[in-house]
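Visitor: Sequential numbering of the sequence shown, starting at 164, is according to the numbering used here. All C-beta atoms, glycine included, are put in the ideal place defined by N, C-alpha and C. Remember, predicted model here, so these are calculated numbers, not experimental data. Mind looking over this structure? Questions follow.
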Amino acid sequence: MNAVEARALTKRYKDVTAVDRLSLTVSEGEFFALLGVNGAGKTTAIKMLTGLTRPTGGDGYIFGHSVTADPRNARALTGVSPQETAVAMKLTVRENLELMCGLYGLDDRSGRAHAIMDKLSLSDVHDKAATALSGGYRRRLSIAMALITGPRVLFLDEPTLGLDVLARRELWQVIEGLRGSVTLILTTHYLEEAEALTDRIGVMSGGRLVAAGSAGELLDRTGAKTFEDAFIKLSGGEA
């Protein structure tokens, strides 16, 4: 079953078409990366699929629920860990998670918070204020907050942005541990991240999806020796 589907999804802003008839499918349980240079349209595409902005054409579906005709049910199936870590800095890890439970009207706040802290290895810092956490642990907390409602699709927007190499690799392990339990859609500028972690990769350029496939398939398609060279070719550059 398709977890996420875009059918001619389009977004226009006055004279600019940010996303131009995007069509793609992501299967249930798949780990999919959406790549593109700045301005390629990937962030706008994610905003439409998560209900943050309304399409001007086409439609998107989350497990068959239209993001335009049935936005409430579509949003209920998604979780989003945004690029700007949206945590309450003065609250502890546990308090942030219990706050999210309260906002969504969920029962057993303490139990849910402890379960997700165990899953994402946050138990050792449960009583630390978010402001006292390292960048890597703040990102981990952001992902935990996105998962607390039990979504079936998790969107990860630049989850390792600004992290050092060690923190980035540790977060990779956390994300890898989610594989199979939730459909994952990743945006990142770290090409090695997409190549190492994901099942399939979509490349956007000029608001359009220009290619989709495994890293190996994209290498074969472009005849490039490295994935970075393949990405540059698909994005309209020279390699």
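For Ala237 and Thr213, what's the separation of their Cα atoms in angstroms?
Guide: 8 Å
Visitor: Under DSSP, the beta strand (DSSP E) around Ser273 begins and ends at which residues?
Guide: From DSSP, Ser273 is part of no beta strand (DSSP E) but of the alpha helix (DSSP H) over 272 to 282.
Visitor: Using 7 Å as the threshold, is the C-beta distance between Arg257 and Cys264 below it?
Guide: no
Visitor: For Pro234, tell me which candidate among Tyr353, Ser244, Gly223 has the shortest Cα-Cα distance.
Guide: Gly223
Visitor: Work out the CA separation of Ile311 and Glu168 for me, nearest whole Å.
Guide: 24 Å
Visitor: Is the Cβ-Cβ distance between Val345 and Leu317 less than 7 Å?
Guide: With a cutoff of 7 Å on beta-carbon distance, Val345 and Leu317 are scored as near each other.
Visitor: In angstroms, rounded to a whole number, what distance separates the CA positions of Gly379 and Lys396?
Guide: 15 Å
Visitor: Alpha carbons only, please: which of Leu215, Thr206, Ser305 is nearest the one belonging to Thr251?
Guide: For the record, residue 251 in the displayed sequence is Ala; it is not Thr. The shortest Cα separation from Ala251 among Leu215, Thr206, Ser305 belongs to Ser305.
Visitor: Would you call Thr389 buried or exposed, if buried means 16 or more other Cβ atoms sit within 10 Å of its Cβ?
Guide: Under this definition Thr389 is an exposed residue.
Visitor: Starting from Asp383, trace the beta strand (DSSP E) both ways and give me its first and last residue.
Guide: It is not in any beta strand (DSSP E) - Asp383 instead sits in the alpha helix (DSSP H) that spans 378 to 385.
Visitor: How long is the line joining the alpha carbons of Asp290 and Arg217, rounded to whole angstroms?
Guide: 39 Å
Visitor: I think Leu172 touches Val179, with their Cβ atoms under 8 Å apart; what is that distance to the nearest whole Å?
Guide: With a Cβ gap of about 16 Å, Leu172 and Val179 do not count as contacting.
Visitor: Note down the Cα distance separating Leu198 from Leu349, rounded to an integer number of angstroms.
Guide: For Leu198 and Leu349, the distance between alpha carbons rounds to 8 Å.
Visitor: Indicate whether the contact test is met: 3 or more Cβ pairs, each with one atom in the region 315 to 335 and one in the region 273 to 282, closer than 8 Å.
Guide: no
Visitor: Measuring alpha carbon to alpha carbon, tell me which residue in Ala309, Ala375, Val373 is nearest Gln246.
Guide: Ala309
Visitor: Going by DSSP, which residues form a beta bridge with Arg238?
Guide: DSSP lists no partner for Arg238.
Visitor: Taking the straight line between their C-alpha atoms, what separation do you get for Thr231 and Leu240?
Guide: 14 Å
Visitor: Using three-state DSSP, classify Tyr224 as helix, strand or coil.
Guide: strand
Visitor: Among residues of its own chain, excluding the 5 on either side of Thr206, which ones have a beta-carbon nearer than 8 Å to its beta-carbon?
Guide: Once the five neighbours on either side are set aside, the close Cβ partners of Thr206 are Asp320, Thr350.
Visitor: Between which two residues does the beta strand (DSSP E) carrying Gly365 extend?
Guide: 363 to 368
Visitor: With Leu285 and Arg303 assumed to form a contact (beta carbons below 8 Å), what rounded beta-carbon distance in angstroms separates them?
Guide: The pair is a contact, with the Cβ atoms about 6 Å apart (cut-off 8 Å).
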